[in-house]
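Visitor:
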Amino acid sequence: MARKVFNSPAYVKPCVVDVAHKLLGADNWVFLDGKAHVDFRKGLNGLFTRRALEIYLPGQEEVYNRYFKDFVQMTKDAGGKAVPFMPAFREIITAVSCRTFVGHYISDEAVKKIANDYYLITEALELVNFPIILPFTKTWYGKKAADMVLAEFAKCAAKSKARMAAGGEPDCIMDAWIAQMIHSKKWRDAQEKGVTIEGLEKPTHVLRDFTDYEISQTVFTFLFASQDATSSAATWLFQIMAQRPEVLDRVREENLQSRNGDIHAPVNMDQLESMTYTRAVVRELLRYRPPVLMVPYVVKKPFPISETYTVPKGAMVIPTTYLALRDPEVYERPDEFDPERYYTGDAEVKGAKNYLVFGTGPHYCLGQQYAQLNLVLMLGKASLLMDWKHHATPQSEEIKVFATIFPMDDCPLSFEDRKW
């Protein structure tokens with residue numbers, strides 16, 4: 007049933023709370039439908055190829071190296087006692103996203119401000135908020151935060167355009183996109199003049215030139231799409247690994263071998279892809295604790311969703327990922343965390359249609375490979391550089407929803423440098 011909704015663009019389109027149009031911009035590409043949406047996505051596909059993802063790795067490792075030191079220091083500052091780490095995970099994910107999306111065009115201070123203020127954007131998108139923006143309400147603070155992020159990203163776009171025009175090499179998503187625009191313009195100009203330029207091949211997708219604001223708006227949607235979901239996954243990942251030291255030890259051993267015993271060695275895409283057990287852990291984590299439980303769609307015209315019921319136009323229909331990911335006919339002991347089902351088991355094949363973590367159909371998540379490899383990188387580096395302990399409370403396994411799902415107690419942890 008969920009797949010039917012995801013795969014029925016003729017009848018439904020994704021919808022969000024009314025204020026989202028005011029925060030993200032009513033003309034944002036995420037609100038496009040049909041051919042306009044498909045065409046826009048095609049121009050973004052090149053930003054998430056395997057080759058592109060490898061370009062972003064150094065910036066991500068730089069962030070993790072810095073923040074993991076902060077994790078240890080936070081524990082020391084607390085006298086070795088547990089610290090609720092959910093806010094810290096939201097900040098580190100914001101930082102790694104900003105470095106991936108806009109590279110070093112943005113300052114550390116701006117990244118920290120975005121990380122702190124992103125709470126306000128998430129709060130503004132709660133279903134119970136007023137659809138109008140009134141001073142000093144959640145939606146008002148969220149709009150101010152969103153405007154700040156858009157302004158920062160627009161500055162980054164201007165800097166990226168200048169660097170790419172001067173022949174710089176891309177090292178972030180914004181660079182890669184603008185480089186495609188420059189390539190497309192050279193191709194269009196050559197076609198208009200009827201000349202052939204040696205070595206200039208036709209781009210896979212010929213892009214128009216986007217304004218700084220349009221680029222900023224689009225990159226902001228990447229942050230919007232990734233921030234809460236990846237923060238949720240990271241929080242559960244560290245809690246569950248601390249609860250299962252035997253699993254963490256296997257992750258640690260695999261990552262140590264892939265780096266030939268050097269815990270500080272950077273990794274490339276071949277190494278990341280070779281970490282089959284770590285990838286199985288991430289895959290299972292996303293099945294066991296899927297960050298996004300529900301995806302609201304609005305019905306564009308009467309939708310015969312089953313033989314006995316037609317959803318009326320204008321209604322909201324909400325497919326859930328949770329039930330498909332806990333289907334006992336596909337996943338043996340579905341309520342248990344078991345990476346073996348993706349390492350030596352048949353869950354990848356048997357559950358191919360059930361794995362709706364990133365959706366399916368025309369609106370599937372563009373960054374699904376990026377998100378999973380990013381978590382593999384994060385967990386692998388953390389396993390080599392740190393030891394950590396989960397300080398369980400009666401609410402540790404209770405779930406709260408803050409856009410996505412988190413432990414009710416905000417995941418109390420303590421970290422220390424790993425002594426090999």
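In this text, residue positions in the sequence shown follow our numbering: the first is 7, and each later residue adds one.
Glycine included, C-beta positions come from ideal geometry on N, C-alpha and C.
Values in this document were obtained by computation on a predicted structure and should not be read as measured data.
1. In whole angstroms, what is the alpha-carbon distance linking Ala31 and Thr227?
2. Within a Cβ cutoff of 7 Å, which residues of the same chain sit near Tyr73, ignoring the five residues on either side of it in sequence?
3. Are Met281 and Glu260 closer than 7 Å when you measure CB to CB?
4. By Cβ distance below 6 Å, which residues in the same chain neighbour Met414 in space, the five residues on each side in sequence not counted?
5. Beta-carbon separation of Pro308 and Thr316 under 7 Å?
6. Where does the unbroken alpha helix (DSSP H) through Pro418 begin, and where does it stop?
7. Identify, in the order they occur along the chain, each residue of the same chain with its Cβ nearer than 8 Å to the Cβ of Ala235, setting aside the five sequence neighbours on each side.
8. Since Phe95 and Thr241 are thought to touch, with beta carbons under 8 Å apart, how far apart are those beta carbons, to the nearest angstrom?
9. Among Gly351, Gly205, Val382 and Pro318, whose alpha-carbon lies nearest the alpha-carbon of Val287?
10. Taking the alpha helix (DSSP H) that Val117 falls in, what are its first and last residues?
11. Is Glu279 buried or exposed, if buried means 16 or more other CB atoms sit within 10 Å of its CB?
12. From the DSSP output, in three-state form, read off Val407 for me.
13. Starting from the Cα of Ile120, find the closest Cα among Val355, Leu206, Phe230 and Asp218 and give me that residue.
14. Indicate whether the contact test is met: 3 or more Cβ pairs, each with one atom in the stretch 330 to 346 and one in the stretch 193 to 208, closer than 8 Å.
15. With DSSP run on the structure shown, which of helix, strand or coil describes Val155?
16. Ignoring anything shorter than 3 residues or poking outside the stretch 10 to 66, list the beta strand (DSSP E) runs there in chain order.
17. Less than 6 Å between C-beta atoms, sequence neighbours within five positions excluded: which residues of the same chain meet that for Arg295?
18. What do you reckon, are the CB atoms on Cys371 and Phe91 nearer than 7 Å?
19. So if DSSP puts Lys395 in a beta bridge, which residue, or which two residues, is it bridged to?
20. Given a threshold of 16 other Cβ atoms within 10 Å of its Cβ, counted over all protein chains shown, does Gly365 qualify as buried or as exposed?
21. Return the first residue and the last residue of the beta strand (DSSP E) that Val305 is part of.
22. Whose C-alpha, out of Ile112, Lys48, Lys41 and Phe37, is nearest the C-alpha of Gly65?
Guide: Looking at the coordinates:
1. Ala is not the amino acid found at residue 31; the sequence shown has Gly there. For Gly31 and Thr227, the distance between alpha carbons rounds to 10 Å.
2. Ile98 and Ala101
3. yes
4. Gln401, Glu404 and Lys406
5. yes
6. Where Pro418 is concerned, there is no enclosing alpha helix (DSSP H), although the beta strand (DSSP E) it sits in stretches over Pro418 to Asp423.
7. Pro297, Val298, Ala377 and Thr410
8. 5 Å
9. Val382
10. Asp114 to Ala130
11. exposed
12. strand
13. Phe230
14. no
15. helix
16. 18 to 20
17. Trp242
18. no
19. Ser420
20. buried
21. Tyr303 to Val305
22. Ile112
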